[in-house]
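Take a look at the structure set out below.
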Amino acid sequence: MTNHWVDIRNANLILSMGGNSAEAHPVGFRWVTEAIEHNKAELITIDPRFTRTGAVAQDKAFIRTGTDIAFLGGLISYLIETDQIQREYVLNYTDAALIVRDDYGFEDGLFSGYDASTRSYDKRSWMYAMGDDGFVRRDESLQDPRCVYQLLRAHYSRYTPDMVSSITGIQVDNIQRIWKKIAATAVPDRTMTILYALGWTQHSIGSQIIRTAAMVQLLLGNMGMPGGGVNALRGHSNIQGLTDLGLLSQLLPGYMTLANATEQEYRAYIDKRVKQPTIEGQVSYWKNYENFHVSLMKSWFGNAATQQNDWCFDWLPKLERPLYDVLDTFDRMSRGELTGYFCQGFNPLASFPDRAKVTRALSSLKYLVVMDPLNTETSEFWKNYGEYNDVDPSQIDTEVFRLPTCCFAEDEGSIVNSARWLQWHWAAAPPPGDSRPDTAIMGELFLKLKQLYQQEGGVFPAPILNLTWDYKIPAEPSPQELAREYNGRALEDLVDADGNVTRRAGEQLAGFAELTADGKTAAGCWIFTGCWTEDGNMMARRDNADPYGTGNTLGWAWAWPMNRRILYNRASADLQGRPWGTNKAFIWWDGEQGAWVGADVPDFPTNSPPSQGQMPFIMQPEGVGHLFAGQSMVDGPFPEHYEPFESPVPQNLLHPGKEQARNNPAARIFDADREALGKPEDFPHAATTYRLTEHFHFWTKHAELNAIVQPQQFVEIGEALAEEIGVAAGDWVKVSSNRGSIRAVAVVTKRMRPMRIGDRQVHHVGIPLHWGFTGAARKGYLINALTPFVGDANTQTPEYKSFTVRVEKA
Amino acid sequence: MDNSQNIIARSATTTAPPQVRSHVDEVAKLIDVSKCIGCKACQVACMEWNDLRDEVGECHGTYDNPTDLTPESWTVMRFSEYEDTNGGLEWLIRKDGCMHCAEPGCLEACPAPGAIVQYANGIVDFDSNHCIGCGYCITGCPFDIPRISPKDQKSYKCTLCSDRVNAGLEPACVKTCPTNCIEFGTKADMLARAEKRVGDLKELGFRDAGIYDPAGVGGTHVMYVLHHADDPNRYSGLPKDPRISPLVDAWKGATKPIMSAIIGITAFAGVIHYMTKGPKEEPEEQPDAHEETPPHALGYDATQRNERGHDAGDSAGERPRGDER
Chain V
1 MTNHWVDIRN ANLILSMGGN SAEAHPVGFR WVTEAIEHNK AELITIDPRF TRTGAVAQDK
61 AFIRTGTDIA FLGGLISYLI ETDQIQREYV LNYTDAALIV RDDYGFEDGL FSGYDASTRS
121 YDKRSWMYAM GDDGFVRRDE SLQDPRCVYQ LLRAHYSRYT PDMVSSITGI QVDNIQRIWK
181 KIAATAVPDR TMTILYALGW TQHSIGSQII RTAAMVQLLL GNMGMPGGGV NALRGHSNIQ
241 GLTDLGLLSQ LLPGYMTLAN ATEQEYRAYI DKRVKQPTIE GQVSYWKNYE NFHVSLMKSW
301 FGNAATQQND WCFDWLPKLE RPLYDVLDTF DRMSRGELTG YFCQGFNPLA SFPDRAKVTR
361 ALSSLKYLVV MDPLNTETSE FWKNYGEYND VDPSQIDTEV FRLPTCCFAE DEGSIVNSAR
421 WLQWHWAAAP PPGDSRPDTA IMGELFLKLK QLYQQEGGVF PAPILNLTWD YKIPAEPSPQ
481 ELAREYNGRA LEDLVDADGN VTRRAGEQLA GFAELTADGK TAAGCWIFTG CWTEDGNMMA
541 RRDNADPYGT GNTLGWAWAW PMNRRILYNR ASADLQGRPW GTNKAFIWWD GEQGAWVGAD
601 VPDFPTNSPP SQGQMPFIMQ PEGVGHLFAG QSMVDGPFPE HYEPFESPVP QNLLHPGKEQ
661 ARNNPAARIF DADREALGKP EDFPHAATTY RLTEHFHFWT KHAELNAIVQ PQQFVEIGEA
721 LAEEIGVAAG DWVKVSSNRG SIRAVAVVTK RMRPMRIGDR QVHHVGIPLH WGFTGAARKG
781 YLINALTPFV GDANTQTPEY KSFTVRVEKA
Chain L
1 MDNSQNIIAR SATTTAPPQV RSHVDEVAKL IDVSKCIGCK ACQVACMEWN DLRDEVGECH
61 GTYDNPTDLT PESWTVMRFS EYEDTNGGLE WLIRKDGCMH CAEPGCLEAC PAPGAIVQYA
121 NGIVDFDSNH CIGCGYCITG CPFDIPRISP KDQKSYKCTL CSDRVNAGLE PACVKTCPTN
181 CIEFGTKADM LARAEKRVGD LKELGFRDAG IYDPAGVGGT HVMYVLHHAD DPNRYSGLPK
241 DPRISPLVDA WKGATKPIMS AIIGITAFAG VIHYMTKGPK EEPEEQPDAH EETPPHALGY
301 DATQRNERGH DAGDSAGERP RGDER
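These protein sequence lines map, in sequence, to chains V and L. According to the numbering used here, the first sequence holds residues 1 to 810 in order. According to the numbering used here, the second sequence holds residues 1 to 325 in order.
This is the structure we're talking about:
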């Protein structure tokens, strides 16, 4: 979330799209109901189905799954053509006025630089044009045809209401009514918040859908504002912490990136990531990259990391492929390229697409280690459960080890919520049986490995032998020790420019501004620096004081970065540093104090006066929000609608006849998986998978109470489709894709209606995901028997939300 | 029962309720249907607090589960898809459970002394130790709430967490509700809160928004805010004008001798009471006073209700009274 849960109450309009916020986030949804009652906010939901969110929304529209960019792109065009943008904000706080290189272009659904043989782009032309002074050129009038504003306008001029309607299936009058309501938040004293979840993420164009939303918010001046922002409602407890700590395959902690195989030289690696300002005088905070990187290496390798050895840069893995994501890993596993697999807090047999392929992959392993509190399907993938897991154990040689871990309520530590708050929690009960904290299992495993390397040598032992491991009980690092390590400390006395000691050696650091690139500081995750200072554990704070009445409780837990609750909050004030609207006052410039003050920790240099001209988006080299993504996305600087890889519509209506532009041209798909895609004539219905309130993923089917309130697998279909196939509510249906099939009870509902798309009628099929063959609920099929093995071009998040099926009476 | 000092009415009982406590406020649970997302957290909290576990059932083609109230599910969410004549669709979700009527038909119908009690705060509670499993409470209930357990032949329903409320806590469902759709407080406060919400809904265009606090049962201690108070039936059959079934009157005449035997001990106590204290009021209305069956033993005597906690003019003398007609 750019903003936070409580801040939703400050919104005037809440757009719940790409997520079913009431269903999947009922507790956070409290703030939506607060906004509706106390701020007279309107809730609009756009979803393929009439959902639980829809039950309490004031307005809604039903959209064909996977077509959100069409709706939002049309909205961008509408905002521009009707001049309903926050003009002063757009001109100064976004890149609208910046000039783009002449060789950037877009034709027949492809951006400049496309290479069909590699399904990738050469992104050289996706850049701003630089002036002779070495900084980006700009046109304050916004009239230059090569300025971002005009390119944006031209790009989305194709997204007319009729075009949007024919792609999305939403009637034109419904589209225009909702666009108008959204546009009304372009004024300074009204904001819209956007709440989304995996309904946007899990598409082959998922990252670009989210970007389109961010662009809308920039045009409306809703970024950095209370009650605004683009807010990802994270789907797992601490999944925010997972990305923060760099558990994605290409990341290091704190969103630093691993080198790829061509980057073997330290200085070049650093220089590429140290972003200098591209507009004069801007902050460009990533210019400090080396401070963060060196501090990480000192945290990991201590005295072994020196300037002479480039802080152990050679010990870091270098990526030979762009990502070692789950799809890539299971593809290689299915081809017998992996020997063993450690599966920690993860249930891939249930969670990954194309379950048949996952079963093949796991069956080819020599060993599988499952660390989990529950008896997951993955740990029993080899066991025959009849129709629910029809495998032959005699044909599977994989040895499975189960290491029971304790669950979140049985250990202590911090959990990072969607709002980037690190909230410390304490164990509520001792763990049952032989279960142990994950850290204890990993600790013991590490020590064993280290011992083997010491005794037997082996290939490349240095990183293992030199890893800092100074925990009081080496086999069981404590949460407190780990948290202090992430925060970081001074290794030597730190001194200021005048030679005064600002931090004694050994002291905890107060913030990442203290980090240095000379080896004097260590920090395991720079964005967490400040969470455990010399004043103690900031995450354990529970002060709910809200002195400005904005819902911003700075004394409750601790948020990264630097306890800021709303990112880019400098943008909540105008060029002179005054709040855009008195009802939206958040932080502002106090001339007497010579500082930014207000309800939040300024996301800005505290003493940089408005007259200095530094702009709010300090992580960008230009200081402004990016309508034009430059080279940061792999599939284009402007989002474009492409059909899901499996779609009931045989072509992209924006690019009829252009086969290359039917699906995301830069999305990776393995050959065998492309072969496994179904054709609309065989699988005519648009399918989408999702969660229900009663359950959490594949966990709570193990809990009796959850099983009682939602005991048995079902799929949702509309009355029209039910009539077509002769099915009544409560009957059994078979749902098939080109990869597999499931059987489930049919929920027949008025809440799903057929849509008119071009010349055809499209039915949606809703497939809740929670059931499996272990647990307390009734046994069911793993629904990922159906889903395709293709992911988002940028993140490789699988396309669970849009694929095609056939439904028949079972 | 540990809350005995607060009892104002007791099924099939003639002894006067205690009189000393005088500062008990009537309470109410307010369910604002317009804020309900049907998450069923209230169902789970109810089972957890009351140590109940219903069966792991089946999907019957709807979101409702369990599909009905049971001896182990004292509250359930009922989902209804309402399509208006213009094709507009609403998904109306209502938490169903005991309404805690000011004039409880269950208590009136109950022949087992002390199996059903009403507290001064308005909560209607079942004391299962005294329940004989006859099922008359079901007949007496205009909302079809109580359920007899096949395990022990006793009747069960929501207690409004009388144990929690007695200790100054809110009911478990209220505590857990994530959207504050369920609130709890004095009936006066909840009515004021409901009025405010009705105003909000009218502003949003729900012209027929209103409070559900039906007069036919003397008002209830569980109230709803409805967007369509003109048509409560839309919310999975919430009755528009609930009244105690005339059957409650009918059975009394027919089954009196049988019931008399069952409740003999209490009846005897009643006789003593009757003989020592005499009829306290309205003797002329008593039917041909069988000495072995004191007039109030078979039913709920509203005239003897402790007035504590009830507004003046509370319907003691106004509502239909089977055993006196």
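Cβ atoms here follow ideal geometry from the backbone N, Cα and C, with glycine treated the same way.
Q.
In the DSSP output, what is residue 147 of chain V paired with across the bridge?
A. Position 147 of the first sequence, counted from the first residue, corresponds to residue 147 of chain V. DSSP, once it has assigned bridges, lists V/99 as partnering residue 147 of chain V.
Q) Does residue 31 of chain L get closer than 8 angstroms to chain V when you measure Cβ to Cβ? A) The count along the second sequence starts at 1 and reaches residue 31 of chain L at position 31. Chain V, which has no Cβ nearer than 8 angstroms to the Cβ of residue 31 of chain L, makes this no.
Q | Reference residue 144 of chain V; option with closest CA among V/175, V/135 and V/99 | A | As a first step, residue 144 of chain V must be located in the first sequence, where it is residue number 144. The residue with the shortest Cα to Cα distance from residue 144 of chain V is V/99.
Q) From the beta carbon of residue 200 of chain L, is the nearest beta carbon of chain V less than 8 angstroms away? A) Taking the second sequence and counting its residues from 1, the one referred to as residue 200 of chain L is at position 200. By this cut-off, residue 200 of chain L is an interface position.
Q: Could you check if residue 167 of chain V is buried or exposed, using at least 16 other CB atoms within 10 Å of its CB as the buried criterion?
A: Along the first sequence, one-based indexing puts residue 167 of chain V at 167. Its Cβ being crowded by 16 or more others within 10 Å, residue 167 of chain V is buried.
Q: Could you spell out the range, first to last residue, of the beta strand (DSSP E) harbouring residue 193 of chain V?
A: The residue you call residue 193 of chain V lines up with position 193 of the first sequence. Its beta strand (DSSP E) spans residues 192-196.
Q.
Between which two residues does the beta strand (DSSP E) holding residue 801 of chain V run?
A. Along the first sequence, read from residue 1 onward, the residue named residue 801 of chain V stands at position 801. Taken as a continuous stretch (DSSP letters only), residue 801 of chain V belongs to no beta strand (DSSP E), as it is neither H nor E.
(Q) Buried or exposed for residue 272 of chain V, going by 16 or more other Cβ atoms inside 10 Å? (A) For the purposes of this step, residue 272 of chain V is taken as residue 272 along the first sequence, with counting starting at 1. Residue 272 of chain V comes out exposed.
Q | Delimiting residues of the beta strand (DSSP E) encompassing residue 29 of chain L | A | As a working mapping, residue 29 of chain L is identified with position 29 in the second sequence. Segment 27-32, the beta strand (DSSP E) holding residue 29 of chain L.
Q: Would you identify the three-state DSSP class for residue 501 of chain V, choosing helix, strand or coil?
A: Locating residue 501 of chain V in the first sequence gives position 501, counting from the first residue. In this structure, residue 501 of chain V counts as strand in the three-state DSSP scheme.
Q.
Quick check on residue 139 of chain L: does DSSP put it in helix, strand or coil?
A. Residue 139 of chain L sits at position 139 when you count from the first residue of the second sequence. It is helical.
Q: Report the neighbours of residue 37 of chain V on chain L: residues whose CB is nearer than 7 angstroms to its CB, in chain order.
A: The count along the first sequence starts at 1 and reaches residue 37 of chain V at position 37. Under the 7 angstroms cutoff, chain L gives 200.
**Q.** Exposed unless 16 or more other CB atoms sit within 10 angstroms - verdict on residue 679 of chain V
**A.** As a first step, residue 679 of chain V must be located in the first sequence, where it is residue number 679. Answer is exposed; the Cβ neighbour count stays below 16.
Q: Measure the C-alpha to C-alpha separation of residue 345 of chain L and residue 71 of chain L and round it to an integer number of angstroms.
A: The structure shown does not extend to residue 345 of chain L, since chain L is modelled only from 1 to 325, so the question has no answer here.
Q) Where does residue 203 of chain L fall in DSSP's three states? A) Along the second sequence, one-based indexing puts residue 203 of chain L at 203. Reduced to three states, the DSSP call for residue 203 of chain L is helix.
Q | Length at least 3, wholly inside the region 111-157 of chain L: the beta strand (DSSP E) runs in chain order | A | 116-119 and 124-126
Q: Taking only the alpha-carbon atoms, compute the straight-line gap between residue 295 of chain L and residue 718 of chain V and give it to the nearest angstrom.
A: Position 295 of the second sequence, counted from the first residue, corresponds to residue 295 of chain L. Position 718 of the first sequence, counted from the first residue, corresponds to residue 718 of chain V. Residue placement at residue 295 of chain L cannot be trusted, given a pLDDT of 36 that sits under 50; what the coordinates show is reported in the next sentence. Residue 295 of chain L and residue 718 of chain V: Cα-Cα distance of roughly 58 angstroms.
Q | Test: residue 121 of chain L CB closer than 8 angstroms to a CB of chain V | A | One-based indexing of the second sequence puts residue 121 of chain L at position 121. Not one chain V Cβ lies under 8 angstroms of residue 121 of chain L.
Q: Taking residue 811 of chain V as the query, report the chain L residues whose CB atoms sit under 8 angstroms from its CB, ordered along the chain.
A: The requested residue 811 of chain V does not occur in the structure, where chain V is confined to residues 1 to 810.
Q. What is the rounded straight-line gap between the Cα of residue 217 of chain V and the Cα of residue 494 of chain V?
A. Translated into the one-based positions of the first sequence, residue 217 of chain V becomes position 217. Translated into the one-based positions of the first sequence, residue 494 of chain V becomes position 494. C-alpha separation (whole angstroms): 41 angstroms.
Q: Just the chain L side, please: which residues come within less than 9 angstroms of residue 52 of chain V by C-beta, in chain order?
A: One-based indexing of the first sequence puts residue 52 of chain V at position 52. The contacting residues are 37, 38, 39, 63, 91 and 93.
Q. Helix, strand or coil: how does DSSP classify residue 761 of chain V here?
A. Looking up residue 761 of chain V in the first sequence gives position 761. In this structure, residue 761 of chain V counts as strand in the three-state DSSP scheme.
(Q) Considering Cα atoms alone, identify which of L/55, L/44, L/49 and L/239 is closest to residue 216 of chain L. (A) In the second sequence, residue 216 of chain L corresponds to position 216, counting from 1. The residue with the shortest Cα to Cα distance from residue 216 of chain L is L/239.
Q. Going along the chain, which residues of its own chain have a beta-carbon closer than 7 angstroms to the beta-carbon of residue 127 of chain L, five neighbours each way excluded?
A. Counting from 1 along the second sequence, the entry for residue 127 of chain L is found at position 127. So the list reads 1, 114, 115 and 117, once near-sequence residues are dropped.
Q. DSSP state of residue 446 of chain V, grouped into three classes?
A. Counting from 1 along the first sequence, the entry for residue 446 of chain V is found at position 446. Helix, per DSSP.
Q) Is residue 189 of chain L helix, strand or coil by DSSP? A) As a position in the second sequence, residue 189 of chain L is number 189, starting the count at 1. Of the three classes helix, strand and coil, the one that applies to residue 189 of chain L here is helix, per DSSP.
Q | Closest by C-alpha distance to residue 626 of chain V, when choosing among V/97, V/410, V/614 and V/723 | A | Residue mapping note: residue 626 of chain V aligns to position 626 of the first sequence, counting from 1. Per the Cα distances, V/97.
**Q.** Residues of the region 63-93 of chain V with Cβ closer than 8 angstroms to any Cβ of chain L, in chain order
**A.** none
Q) Does the beta carbon of residue 59 of chain L sit closer than 8 angstroms to a beta carbon anywhere in chain V? A) Indexing the second sequence from 1 puts residue 59 of chain L at position 59. Chain V contact via Cβ: present.
Q | Inter-residue spacing [alpha-carbon to alpha-carbon] between residue 121 of chain V and residue 490 of chain V | A | Your numbering for residue 121 of chain V matches position 121 in the first sequence. Your numbering for residue 490 of chain V matches position 490 in the first sequence. So the two alpha carbons sit approximately 43 angstroms from each other.
(Q) With a threshold of 8 angstroms between beta carbons, is residue 226 of chain L in contact with chain V? (A) Translated into positions along the second sequence, residue 226 of chain L becomes position 226. With 8 angstroms as the cut-off, residue 226 of chain L does not count as an interface residue toward chain V.
Q) Which ranges does the alpha helix (DSSP H) cover as unbroken runs of at least 4 residues, wholly within the region 694-731 of chain V, from first to last along the chain? A) 704-709 and 719-725
Q) Using a C-beta to C-beta distance shorter than 9 angstroms, which residues of chain L count as neighbours of residue 26 of chain V? A) By one-based count along the first sequence, residue 26 of chain V stands at place 26. Here the neighbours are 37, 39, 41, 178 and 179.
Q.
On the DSSP bridge list, what partners appear for residue 573 of chain V?
A. As a working mapping, residue 573 of chain V is identified with position 573 in the first sequence. Beta-bridge pairing links residue 573 of chain V to V/579.
Q. How long is the line joining the alpha carbons of residue 306 of chain V and residue 241 of chain V, rounded to whole angstroms?
A. Mapped onto the first sequence, residue 306 of chain V falls at position 306. Mapped onto the first sequence, residue 241 of chain V falls at position 241. Their backbone Cα atoms lie some 29 angstroms apart in a straight line.
Q | Opening and closing residue of the alpha helix (DSSP H) in which residue 298 of chain V lies | A | By one-based count along the first sequence, residue 298 of chain V stands at place 298. Per DSSP, residue 298 of chain V belongs to the alpha helix (DSSP H) from 289-301.
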